[in-house]
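Participant: This is the structure I want to talk about, given as structure tokens.
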Amino acid sequence: MNLLNDSVCELSAILEGCDSDTSDPTEKEDVVVQEGLQERDEAYRKLLEIEQFSERLLSEFSKLESEFEVEKTCRQQAEVYAAQMKKENKQLKRVSMQVLPMLNKVPEDMLHLLWENDTPSDPVHENQQNSRDFQDTVSKLLEDNKMLNVQVEELQSQIRHLNGQIQEERSEKISLQSMIETYQRAFKKFNRVSQMVIQEYNELVQKLETEQDLRQHAEVFAHKMLRKQQQANRQSMMFLKTAESNAPLLQALEEIATMTKALEDAKQEHQAKIMALEETQLEGKHLQEELEIIQKALNGTKEEKCEIENRLRQAEKRNGALEEKIKVLEEKLKVAEMLSSEENNSTVVPVAPPPPPPPPPPPPPSPNSLEDPLSLIKQRRGMREMKKPDQGNGEDGKAQAVKEMMDRIKSGVVLRSARQDPQGQCAKASKRKSAVNELQGILALMKTPCQKPSYRNKASQKKKDNQLESILQRRRKITDVTLTAQSSSLSSAAAETQEQADSKEGKTLPVPWAKQNTVAEKIVMCEKQKDDSPVCKWKLKSRAQESN
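In this text, residue positions in the sequence shown follow full-length UniProt numbering: the first is 1, and each later residue adds one.
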């Protein structure tokens with residue numbers, strides 16, 4: 001019993017230690033949050049001080065500008081006045097030159113009086129000095145303004161740095177909160193398990209105590225029963241000795257013995273049944289406890305499921321927005337490709353259409369004759385058995401192809417060449433692979449699990465949009481280059497095919513059939529790529545959503 005009590009005390013001490021361990025990170029988190037808030041408040045105070053300082057600077061700068069304008073107007077007026085004074089001085093000099101020969105006749109006392117009275121003040125010099133002083137003050141003020149602007153820029157850079165630090169601390173705080181939540185969930189689970197273990201332990205201790213009490217009572221009762229049985233045996237022996245002469249008494253005693261044996265057997269059977277019922281009840285209790293534990297676990301999983309569903313909804317919303325953006329960008333890319341193709345078609349000079357040749361007879365079947373593109377597609381899919389098309393349908397298809405070719409030649413459309421360069425195909429394949437890899441990277445970014453919305457997530461979304469736009473611009477450039485190369489190759493191939501058609505005089509028409517073959521090969525390549533390329537899968541999903 002002492003050992004059991006000691007183990008219970010140890011379990012309670014462990015649980016209290018776990019509680020203290022969980023409280024420590026929460027206190028640390030509170031300290032970190034308070035420090036971040038204090039730094040934020042300090043940054044806001046600095047911002048307010050900088051704003052007030054900048055307002056004062058602007059007010060002083062406006063005052064200085066007004067003073068500068070006033071000084072400028074004064075300087076202009078002084079210059080005008082100086083020009084007038086120069087003119088007057090010139091006139092006075094002329095007059096003085098005329099008066100100089102008359103001075104010899106004037107007495108010296110009069111000359112001294114004239115010189116004393118004529119102490120001319122030079123306003124031009126004063127105005128120039130004032131303008132210089134004003135210029136010096138303006139230059140000093142401009143230098144002060146530059147210094148203040150530099151200080152403002154430095155303070156703004158410090159503010160940006162502090163904002164970045166605040167954002168990093170916020171992200172760290174969010175990560176710490178998520179870690180704390182996970183630890184709290186684990187701790188709650190441990191608490192539940194420990195509580196269940198303690199309950200089971202207490203129940204077992206109670207059962208052990210009751211069983212010990214029952215055992216003691218049973219031992220006492222058994223000792224009493226032994227004494228009574230011994231007394232009864234003695235009495236029966238005495239009774240047998242006295243009743244040997246009476247035969248009916250002996251028969252009655254034998255019947256009593258058989259009845260007691262039957263009663264003991266029935267008692268043992270009843271006790272066995274009671275034990276079985278008790279065992280079934282105990283098993284039912286254990287099952288109920290297990291069911292309660294499972295229900296608690298189910299409730300926890302339901303809560304986690306709700307959280308995961310909310311996150312999935314948010315992720316689906318973001319994916320839908322990104323898909324809409326991708327659709328818009330694809331539509332823009334298609335429009336740009338159409339415009340570039342129209343420009344290329346407009347730049348190509350239309351060739352003079354030759355006279356339409358008469359429709360040739362159907363060529364005889366040969367081993368090297370071209371097959372229907374549908375048969376090629378079905379053969380590559382795995383369809384080995386294919387019915388041969390009727391001859392009438394083949395002739396109608398050939399006639400339609402000839403008509404389409406003649407209409408295109410008349411409208412000035414350049415036909416494609418029958419031969420295809422392997423290098424061009426390799427380049428197209430490599431470009432397709434690069435585009436597929438880029439789209440795979442985009443889809444991988446789209447499929448990443450989203451966290452709680454924050455400022456950094458918004459910035460990352462903007463970066464992703466910029467990446468998408470840059471990728472689509474690269475693809476536009478590549479398509480423009482390929483279209484120009486294809487237009488040049490197609491123009492040369494069209495000239496060659498026209499020369500061949502003129503030389504053969506309508507006997508053979510390789511261009512439309514070659515075109516059909518190229519179309520068939522492209523269809524086969526697309527069908528091959530349907531199973532592997534994520535682009536086709538994504539397009540099929542988007543089309544299905546639009547149809548729904």
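Note that CB positions come from ideal geometry on N, CA and C, so glycine has one too. Quick caveat: nothing in here was measured; it's all calculated off a predicted structure.
Taking just the CA atoms, how far does residue 169 sit from residue 192?
Facilitator: Against the sequence shown, residue 192 aligns to sequence position 192. Against the sequence shown, residue 169 aligns to sequence position 169. Rounded to the nearest angstrom, the two C-alpha atoms are 34 Å apart.
Participant: Note down the Cα distance separating residue 550 from residue 215, rounded to an integer number of angstroms.
Facilitator: Outside the modelled stretch of the chain, which goes from 1 to 548, sits residue 550, for which no answer is possible.
Participant: Quick check: the Cα distance between residue 341 and residue 149, rounded to an integer number of angstroms?
Facilitator: Position 341 of the sequence shown holds residue 341. Position 149 of the sequence shown holds residue 149. Cα-Cα distance, rounded: 53 Å.
Participant: Does the distance from the CB of residue 225 to the CB of residue 293 come in under 8 Å?
Facilitator: On the sequence shown, position 225 is the one that residue 225 refers to. On the sequence shown, position 293 is the one that residue 293 refers to. No, the Cβ-Cβ distance between residue 225 and residue 293 is not below 8 Å.
Participant: Of the residues 232, 159 and 68, which one's Cα is nearest the Cα of residue 46?
Facilitator: Position 46 of the sequence shown, counting from 1, holds the residue named residue 46. Cα-wise, what sits closest to residue 46 is 159.
Participant: Counting beta carbon pairs with one atom in the segment 70-78 and one in the segment 129-140, are three or more of them shorter than 8 Å?
Facilitator: These segments touch.
Participant: Quick check: residue 329 and residue 472, are their CB atoms within less than 8 Å of each other?
Facilitator: On the sequence shown, position 329 is the one that residue 329 refers to. On the sequence shown, position 472 is the one that residue 472 refers to. In contact: residue 329 and residue 472 (Cβ atoms closer than 8 Å).
Participant: According to the neighbour-count rule (16 or more other Cβ atoms, all chains shown, within 10 Å of its Cβ), is residue 530 buried or exposed?
Facilitator: As a first step, residue 530 must be located in the sequence shown, where it is residue number 530. Residue confidence is low: residue 530 scores 43 on pLDDT, short of 50, so the model does not pin down where it sits. Its coordinate-derived value is still stated next. So residue 530 ends up on the exposed side.
Participant: Would you say residue 61 and residue 163 are within 8 Å of each other, going by their C-beta atoms?
Facilitator: Working through the sequence shown from its first residue, we reach residue 61 at position 61. Working through the sequence shown from its first residue, we reach residue 163 at position 163. Cβ atoms of residue 61 and residue 163: not closer than 8 Å.
Participant: Have a look at residue 320 and residue 175 and give me their C-alpha separation to the nearest angstrom.
Facilitator: Here residue 320 corresponds to residue number 320 of the sequence shown, with the count starting at 1. Here residue 175 corresponds to residue number 175 of the sequence shown, with the count starting at 1. Their backbone Cα atoms lie some 27 Å apart in a straight line.
Participant: Can you grab the Cα-Cα spacing for the pair residue 88 / residue 67, in whole Å?
Facilitator: In the sequence shown, counting from the first residue as 1, residue 88 sits at position 88. In the sequence shown, counting from the first residue as 1, residue 67 sits at position 67. Spanning the two alpha carbons is a distance of roughly 31 Å.
Participant: What separation, rounded to the nearest whole angstrom, lies between the Cα atoms of residue 318 and residue 326?
Facilitator: Here residue 318 refers to the residue found at position 318 of the sequence shown. Here residue 326 refers to the residue found at position 326 of the sequence shown. The straight-line gap from Cα to Cα measures roughly 12 Å.
Participant: Taking only the alpha-carbon atoms, compute the straight-line gap between residue 44 and residue 31 and give it to the nearest angstrom.
Facilitator: Position 44 of the sequence shown, counted from the start, is the residue given in the question as residue 44. Position 31 of the sequence shown, counted from the start, is the residue given in the question as residue 31. Cα to Cα, the separation comes out at about 20 Å.
Participant: In chain order, what residues of the same chain have a beta carbon less than 7 Å from the beta carbon of residue 476, not counting five sequence neighbours either side?
Facilitator: Position 476 of the sequence shown, counting from 1, holds the residue named residue 476. So the qualifying residues of the chain are 333 and 336.
Participant: Measuring straight from C-alpha to C-alpha, what distance separates residue 315 and residue 305?
Facilitator: If you number the sequence shown from 1, residue 315 lands on position 315. If you number the sequence shown from 1, residue 305 lands on position 305. Rounded to whole angstroms, residue 315 to residue 305 spans 15 Å at the Cα level.
Participant: Any beta-carbon of chain E closer than 8 Å to the one on residue 235?
Facilitator: The question asks about chain E, but that chain is absent: this structure has only one protein chain.
Participant: Compute the Euclidean distance between the alpha carbons of residue 23 and residue 201, then round it to the nearest angstrom.
Facilitator: Translated into the one-based positions of the sequence shown, residue 23 becomes position 23. Translated into the one-based positions of the sequence shown, residue 201 becomes position 201. Residue placement at residue 23 is poorly supported in this model, since its pLDDT is 48, which falls under 50; the coordinates are not used for a value here.
Participant: Nearest by alpha-carbon distance to residue 53: which of 127, 278 and 155 is it?
Facilitator: Reading the sequence shown from its first residue, position 53 is the one you call residue 53. Of the listed residues, the one whose Cα sits closest to residue 53 is 155.
Participant: With distances taken between CB atoms, is the gap from residue 173 to residue 36 smaller than 8 Å?
Facilitator: Taking the first residue of the sequence shown as position 1, residue 173 is located at position 173. Taking the first residue of the sequence shown as position 1, residue 36 is located at position 36. Yes, they are a contact pair.
Participant: Can you tell which of 92, 69 and 171 has the C-alpha that lies nearest to the C-alpha of residue 138?
Facilitator: Here residue 138 corresponds to residue number 138 of the sequence shown, with the count starting at 1. Of the candidates 92, 69 and 171, the one whose C-alpha sits nearest the C-alpha of residue 138 is 69.
Participant: For residue 467 and residue 474, I'd like the C-alpha separation in whole angstroms.
Facilitator: As a first step, residue 467 is located in the sequence shown; it is residue number 467 there, counting from the start. As a first step, residue 474 is located in the sequence shown; it is residue number 474 there, counting from the start. Answer to the nearest angstrom: the Cα atoms are 11 Å apart.
Participant: Residue 152 and residue 50: beta carbons closer than 8 Å?
Facilitator: Position 152 of the sequence shown, counted from the first residue, corresponds to residue 152. Position 50 of the sequence shown, counted from the first residue, corresponds to residue 50. The answer is yes: Cβ separation under 8 Å.
Participant: Can you give the Cα-Cα distance for residue 274 and residue 268, rounded to whole angstroms?
Facilitator: Taking the sequence shown and counting its residues from 1, one reaches residue 274 at position 274. Taking the sequence shown and counting its residues from 1, one reaches residue 268 at position 268. Taking the straight line joining both Cα atoms gives about 10 Å.
Participant: Rounded to whole angstroms, how far is the Cβ of residue 127 from the Cβ of residue 78, which I believe are closer than 8 Å?
Facilitator: Here residue 127 is taken as the residue at index 127 of the sequence shown, counted from 1. Here residue 78 is taken as the residue at index 78 of the sequence shown, counted from 1. With a Cβ gap of about 3 Å, residue 127 and residue 78 count as contacting.
Participant: Pull up the distance between the alpha-carbon of residue 322 and that of residue 469, whole angstroms please.
Facilitator: Here residue 322 refers to the residue found at position 322 when the sequence shown is read from its first residue. Here residue 469 refers to the residue found at position 469 when the sequence shown is read from its first residue. Using only the alpha carbons, I get a separation of about 12 Å.
Participant: What does the alpha-carbon distance come out to for the pair residue 167 and residue 38?
Facilitator: As a position in the sequence shown, residue 167 is number 167, starting the count at 1. As a position in the sequence shown, residue 38 is number 38, starting the count at 1. Roughly 14 Å between the two C-alpha positions.
Participant: Hey, how far is the Cα of residue 284 from the Cα of residue 194?
Facilitator: In the sequence shown, counting from the first residue as 1, residue 284 sits at position 284. In the sequence shown, counting from the first residue as 1, residue 194 sits at position 194. Roughly 22 Å separates the two Cα atoms.
Participant: May I have a chain-ordered list of the alpha helix (DSSP H) segments no shorter than 4 residues that lie completely inside the segment 132-190?
Facilitator: Fully enclosed alpha helix (DSSP H) runs of 4 or longer: not present.
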